[in-house]
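Protein chains: 4
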Amino acid sequence: MQGPDKDKGQAIIAAAKRIFALHGYNQARVEDIAQAAGVGKGTVYEYFSSKQAVFEQVVDAGMSQYMKGLEDEIRRDASPATKLRQIAVLHMKFVTNHQNLANIIIADPAIMSPHRARLREICEQAQDMVAGVIEQGIRMELFKAVDTLLATQAFFGILSSVGVSHLVRQQSRNPEEVASLAVDLFLYGLVTA
Amino acid sequence: MQGPDKDKGQAIIAAAKRIFALHGYNQARVEDIAQAAGVGKGTVYEYFSSKQAVFEQVVDAGMSQYMKGLEDEIRRDASPATKLRQIAVLHMKFVTNHQNLANIIIADPAIMSPHRARLREICEQAQDMVAGVIEQGIRMELFKAVDTLLATQAFFGILSSVGVSHLVRQQSRNPEEVASLAVDLFLYGLVTA
Amino acid sequence: MQGPDKDKGQAIIAAAKRIFALHGYNQARVEDIAQAAGVGKGTVYEYFSSKQAVFEQVVDAGMSQYMKGLEDEIRRDASPATKLRQIAVLHMKFVTNHQNLANIIIADPAIMSPHRARLREICEQAQDMVAGVIEQGIRMELFKAVDTLLATQAFFGILSSVGVSHLVRQQSRNPEEVASLAVDLFLYGLVTA
Amino acid sequence: MQGPDKDKGQAIIAAAKRIFALHGYNQARVEDIAQAAGVGKGTVYEYFSSKQAVFEQVVDAGMSQYMKGLEDEIRRDASPATKLRQIAVLHMKFVTNHQNLANIIIADPAIMSPHRARLREICEQAQDMVAGVIEQGIRMELFKAVDTLLATQAFFGILSSVGVSHLVRQQSRNPEEVASLAVDLFLYGLVTA
DNA sequence: GATGAATGAGGGTTCATTCAT
DNA sequence: AATGAATGAACCCTCATTCAT
C-alpha cells in the first residue's frame, strides 16, 4: 500500500484532503488529487490501492491526530471543566482544519462502509473519553446528574455547529475565543442565574 | 415538465427522500428512485427535469414544511424558553424525518449549487427566527446577554447532534423527551447551581 | 365519403413533411409531428404503425405526386427540348416544395431501408422517362449522341443543385425562370457558339 | 507498440468517416467508430470532446483537403475550360471518397449547426473560386454571359449527381473519364451544333 | 519508481411506442 | 376514435483503474 517515498504519499494525502473538502468525494477526481499533489495520476495508485483508500487514509490521518490530542488532554491533571475547555479548543481546531470531511462521511453512506465500523468505534472512543470527563464531574458533584451520552453529544454538537459557522464562514475570531464562549454556554446555560 | 398526477409526483419525492437518505446523492440511481416509487425510470422524467431537480424538490419540500412549522411556533404566544422548547421538538422531528439530507447538501458542494444561495437564505431565516426568540429572552432579562448568533448556532448544534445520535441510531426514546432534555441542558447548563 | 379519418391522416402527413424537412429525421420527434398536425401523440399511431412508416408515407405521397406530373409532361405532344423544359419546372417546384427530404433519405441509410428498393425503382422510373425523352431527341438528331444515363443524371443534378441554391436560399426569382435558365445551360452549354 | 498520438487521432477520423458514411450520423454509435478504429470507446474521448466534434473533424479534414486541391488547380496556368476540367476530376474524386457526408450535413440540420456558418463559408469560397474561373471565361468571351452563380451551382450539381450515380453505384468507369464526359456536357450542352 | 494513454463499466437522459381511459 | 401518461431500450459520456514505457 505504502510506497517507499513517504513524502510523496503524505503530499497526496494532504492534496486529497484539500480536494475532498473542496469538491466532495464524488466530484473529486483522482486526476485532480494527483495534480494538486504535483504527481501523475498513476502515481496515486503506487501509494494507494484506490480512491476509496486515499479517502480512508485522509480520514485516518485526521482522526488519529485528533485522538492523540484528545488523549493528551484527558490525561492532563485538571478539573473536568478545564478539560472540557481544552478539548473544545482541540475540537474547534479540528473542525476548522478538516472542514467538511466529516459531512462527506455522514452524507455518503457508501463511502468507507467497510471501515465505517472502525470509524464509529473511533468516534465512540472519543465520545467515551469526553463522557468519562463528564462522569467525573458528576461524581465530583460539579455537574448535574444528566444523561452523560446526551451531554457528550450536545457538547460535540455545540462545538461542531459553532465551529463550522464561526470559523469556516466568518474568520473574524480565533478558535480559542469561540471555543471558550461555546463552552461557557454549555457549562452555565442560557438562563440567567 | 410537471405531469398532472400530483400523487405520482409526491410518491417520487417520497421515494427519492428515502433513497437519497439511504445511499447518498451520487450512489442513488434514478432507477432506484423510480423503483422505490413503483414507477418506470422514464416516469421520473415526466415529473422532474433531472435527478438534480428531484433532489432539489426533496429539499424544498422538507424545508418549506419545516419553515411553516417554525413560523407557527414563533407566532405562538409563549415565553422564550417555552418557544425554544417547542422549536426543539419541531427540529428534532425534522432531523429524525429527514435524516442526513442536510449532510448531503453540506458534503457535496456541487449539489444544489445554483439553489444553494436560496437554501442558505432559508436556513438564515430559521436562524433569525430563533435568534429573535433569544433576543427577546435577553431583553426580558431571562437569558444572559450572550452573542445571539453563537447561541442560536449552539441551539441547532445541540439538537441536530443529539437528534441524529439518539433518534436515528437508537430509537429508544421519543423525540419530545429527548428534545426536552437537550433544551434543559441548553437553558440551564451542565454545571450545578 | 371524405371521413374525418382521412383528413387527420393527411394532416399528419403534411405536418410530418414540414417537421422532417425542418429538423431532419432523427431530430423530428413524433410528438412534434403530432403537435404540428394538431392531434395527440397517440393518434399518430392510429394512422401509422411507426415513425418510420410516417416518413415513408411522406415520401410516397411526394413521389407519386411527382411521378404523376412527370407522366403528364412526357405524354404531352411536344419537342424533346420543350418536354425537358416542362419537366425542369416540375422538378424545380418539387425540390422547392420538398426541400431536403431527398437528402434525408440519402443521408440516413437506415431510413427506408426496407423500402429503399422500391424508392430506387421509382427514381429509376423517373430517370427512365427523362432518358426516353433524351433518346428521342438523339434519334431526331436534335441532341448529341451522349450517354443518356449520364445526361439524365446531369439534368437532375443541375436542377436539384440550382433549385436548392436559388429557391430555398434566395427567393428572389420564381421557379419557372430559374428552371428555364438552368435548362438553357443544359441544352446549349456554357461555351460560346 | 502504439504509434504517437496523431496516428491514433487520424485512425479515429478515418474510421469515423467510414462509419458515418455507412450508417449516417445518428445511427453511427461512438462504440462502432471506436471499434472500427481498433480502440476502446473511451479513447475516442481522449482525442475528441464529443461525437459531434468527431464529425466536425471528419468534415474539416475532408474540406481542407478539398480546398487545398482546388486552390492548386485554380492557381495553375491554364484556360478556363481546362481548369474546370481539372476541378471536375478533383470534385468527382472528392464525391467518390466522401460519399454521403455532405448529405448528412444537409439532411440533419442539427448537425454542425455551430460550425455551419464556417462550413457554408468554405463552400462559398469553393463556389467563388469556380465562379472566378467562369467569369474569366466570360471576360475572354469563351463563355456565354450567363449568371455565374447559377452556372457555378449547375457545375457542382452535374458533378455531384453524376459522381454519386456513376461512381458510388456502379464502379465501371474511372473518375477522370466520367468527369470529362460531364464537363463536355456542361461546356457544350446537349443540343447538336 | 513514475507516468499518462487507454480502457469500459456504469448511469443520466431521450423518445418511440404502448395502453388504459 | 383519441389521448397522453407511462415505459424502458438505447446511447453518449465520465472517470476510476490498469499497464506499457
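Chains as they are written, first to last, in this note's numbering: chain A, 1 to 193; chain B, 1001 to 1193; chain C, 2001 to 2193; chain D, 3001 to 3193.
All residues carry an ideal CB built from backbone N, CA and C; glycine is no exception.
Between residue i and the rest of its own chain, which residues show a CB-CB distance below 7 Å, the 5 nearest in sequence each way excluded?
i	result
histidine 1166 of chain B	Arg1173 and Val1178
isoleucine 87 of chain A	Leu70, Glu73 and Val130
valine 162 of chain A	Val178 and Ala182
alanine 3028 of chain D	Ile3019 and Phe3020
lysine 1051 of chain B	Val1030
isoleucine 13 of chain A	Gln57, Val58 and Ala61
alanine 1034 of chain B	Gly1040, Lys1041, Thr1043 and Val1044
For residue i, which residues of its own chain have a beta-carbon under 6 Å away from its beta-carbon, when the five flanking residues on both sides are left out?
i	result
isoleucine 1158 of chain B	Ala1182 and Phe1186
histidine 115 of chain A	Glu56
aspartate 3077 of chain D	none
serine 1113 of chain B	none
histidine 2098 of chain C	Gly2062
arginine 2139 of chain C	none
My understanding is that residue i touches residue j, with C-beta atoms under 8 Å, so please give their C-beta distance in whole angstroms.
i	j	result
leucine 2090 of chain C	glutamate 2071 of chain C	Not really, about 11 Å apart at Cβ, beyond 8 Å.
isoleucine 111 of chain A	tyrosine 25 of chain A	6 Å
valine 3030 of chain D	lysine 3041 of chain D	6 Å
leucine 1190 of chain B	lysine 144 of chain A	6 Å
serine 2180 of chain C	arginine 2085 of chain C	7 Å
alanine 81 of chain A	glycine 137 of chain A	7 Å
glutamine 2127 of chain C	methionine 2067 of chain C	Rounded, the Cβ-Cβ distance is 12 Å, inconsistent with contact.
alanine 11 of chain A	alanine 37 of chain A	5 Å
valine 1164 of chain B	valine 1095 of chain B	6 Å
asparagine 2103 of chain C	alanine 3117 of chain D	About 19 Å separates the two Cβ atoms, so there is no contact after all.
For residue i, which residues in chain D fall below 7 Å Cβ to Cβ?
i	result
glycine 2024 of chain C	Ala3107, Asp3108, Pro3109 and Ala3110
Under 7 Å, Cβ to Cβ, is there at least one residue of chain B near residue i?
i	result
serine 161 of chain A	yes
serine 165 of chain A	yes
methionine 1 of chain A	Because methionine 1 of chain A carries a pLDDT of 44, less than 50, the predicted location of this residue cannot be relied on, and no value is offered for it.
Kindly indicate if chain D contains any beta-carbon less than 7 Å away from that of residue i.
i	result
leucine 2090 of chain C	no
leucine 2150 of chain C	yes
glutamine 2027 of chain C	yes
Can you pull the chain B neighbours of residue i, defined as C-beta to C-beta under 7 Å?
i	result
phenylalanine 156 of chain A	Ser1161
phenylalanine 94 of chain A	Result: empty, since nearest Cβ-Cβ is about 15 Å, beyond 7 Å.
For residue i, which residues of its own chain have a beta-carbon under 8 Å away from its beta-carbon, when the five flanking residues on both sides are left out?
i	result
leucine 1101 of chain B	Lys1017, Phe1020, Ala1021, Val1058, Val1059 and Gly1062
glutamate 2141 of chain C	none
leucine 2119 of chain C	Val2059, Met2063, Ile2105 and Met2112
lysine 2083 of chain C	Glu2073, Ile2074, Arg2076 and Val2133
glutamine 153 of chain A	Gln127
glutamine 184 of chain A	The question names glutamine, but residue 184 of chain A is aspartate in the sequence shown. Closer than 8 Å at Cβ, skipping near neighbours: no residue.
Taking C-beta pairs closer than 7 Å, name the residues in chain A that residue i reaches, listed in chain order.
i	result
threonine 1144 of chain B	The sequence shown places lysine at residue 1144 of chain B, rather than the threonine named in the question. Here the neighbours are Leu190 and Thr192.
asparagine 1100 of chain B	Ile106 and Ala107
leucine 1185 of chain B	Val146, Ala151 and Ala154
Checking contacts by CB at 7 Å: is residue i closer than that to chain C?
i	result
isoleucine 3104 of chain D	yes
Can you pull the chain B neighbours of residue i, defined as C-beta to C-beta under 8 Å?
i	result
leucine 70 of chain A	The premise fails here: leucine 70 of chain A is roughly 17 Å from chain B at the closest Cβ pair, so nothing lies under 8 Å.
Can you name the residues of chain A whose CB is closer than 9 Å to the CB of residue i?
i	result
alanine 1182 of chain B	Leu150, Gln153, Ala154 and Gly157
Using a Cβ cut-off of 9 Å, pull out every chain C residue sitting near residue i, in sequence order please.
i	result
glutamate 3141 of chain D	Thr2192
Runs of alpha helix (DSSP H) lying entirely within the region 2020-2101 of chain C, each at least 4 residues, in chain order: Along the region 2020-2101 of chain C, the alpha helix (DSSP H) occurs as fully enclosed runs of 4 or more residues at 2030-2037, 2041-2047, 2051-2075 and 2080-2098, listed in sequence order.
Sequence ranges, alpha helix (DSSP H) only - wholly within the region 2116-2182 of chain C, length at least 4: Here the runs fully enclosed are 2116-2139 and 2148-2162.
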